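Residue numbers for the sequence shown follow my numbering, so the first one is 17 and each next one is one higher.
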Amino acid sequence: MKDIIISHSSYVFRFVDEEFITKDLYYEYIDKIKEILETNKIILPDGWLLIFNLIYTNGRVPLLTKNRSGGFRSDKMKEISIVAPIPLKEEIEWGIDIKDHFFKKEHYDKIINNFWELDIDYKNYNTSKDYITACLKEGIRKAFEIGFTVGGLKINVKDISNL
Numbered sequence: 017m018k019d020i021i022i023s024h025s026s027y028v029f030r031f032v033d034e035e036f037i038t039k040d041l042y043y044e045y046i047d048k049i050k051e052i053l054e055t056n057k058i059i060l061p062d063g064w065l066l067i068f069n070l071i072y073t074n075g076r077v078p079l080l081t082k083n084r085s086g087g088f089r090s091d092k093m094k095e096i097s098i099v100a101p102i103p104l105k106e107e108i109e110w111g112i113d114i115k116d117h118f119f120k121k122e123h124y125d126k127i128i129n130n131f132w133e134l135d136i137d138y139k140n141y142n143t144s145k146d147y148i149t150a151c152l153k154e155g156i157r158k159a160f161e162i163g164f165t166v167g168g169l170k171i172n173v174k175d176i177s178n179l
């Protein structure tokens with residue numbers, strides 16, 4: 017099934033954690049997303065691609081794009097961005113150096129109205145893998161809960177107990 021993708025984009029340099037394996041996240045959460053759709057008898061419109069893009073950056077809080085952005089009708093793609101800010105080493109052991117940040121923290125202040133905030137605090141996680149996994153999971157959960165549109169089909173699932 018190629019109609020769902022989890023992709024990763026990075027606006028930080030040298031963000032590496034030995035435990036962090038994007039393929040593992042991909043396979044675990046692709047199956048969960050498919051299960052949510054199947055359980056709720058939701059079939060994506062023919063030819064459409066649903067992309068959950070996890071973006072590593074240096075914003076202030078984890079974010080989820082609002083429904084009005086991320087739609088590419090001509091390409092039959094719906095992209096839902098989940099922004100996972102990566103903290104500095106001074107803030108937490110698994111953080112990164114300030115020179116590895118591509119943007120300044122204020123970057124998202126200008127476009128914050130295009131996002132929902134996710135209730136995730138990096139200080140509650142011992143590894144970047146656990147933090148990134150929590151951001152992805154909460155971003156997917158909130159996207160389904162708030163709802164989004166793929167090719168004219170409104171998708172809204174309030175109870176996601178299997179995520």
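Quick reminder that beta carbons are idealized off the backbone N, C-alpha and C, glycines included. In this text the structure is predicted, and so the values were computed from the model without any measurement.
Proximity winner among the options, relative to residue i (alpha-carbon distances)
i	options	result
N74	I22, E107, I171, K39	E107
D137	H24, E54, R76	R76
N129	H24, Y147, K39, K82	K82
K158	I171, D91, E54	I171
is_contact[residue i, chain D] using C-beta, thresh 7 angstroms
i	result
E51	Looking at the structure shown, chain D is missing, and only one protein chain is on hand.
Buried or exposed (CB count within 10 angstroms, at least 16 for buried), residue i
i	result
L80	buried
K153	buried
I49	buried
I176	buried
M17	Only weak support is given to the placement of M17: the predicted model assigns it a pLDDT of 47, under 50, and the value that follows is read from those uncertain coordinates. It is exposed - the Cβ of M17 has fewer than 16 other Cβ atoms within 10 Å.
T149	buried
I102	buried
I59	exposed
I127	exposed
G63	exposed
S144	buried
Y43	exposed
K105	exposed
Check whether residue i and residue j have beta carbons under 7 angstroms apart
i	j	result
M93	L70	no
P61	L169	yes
F68	I22	yes
F131	Y27	no
L41	P78	no
N56	V166	no
I98	C151	yes
I52	I20	no
Distance between beta carbons of residue j and residue i, contact taken as under 8 angstroms
i	j	result
A100	Y72	6 angstroms
D116	F29	4 angstroms
How about the stretch 159-173 and the stretch 109-119: do they share at least three Cβ pairs that are nearer than 8 angstroms?
no
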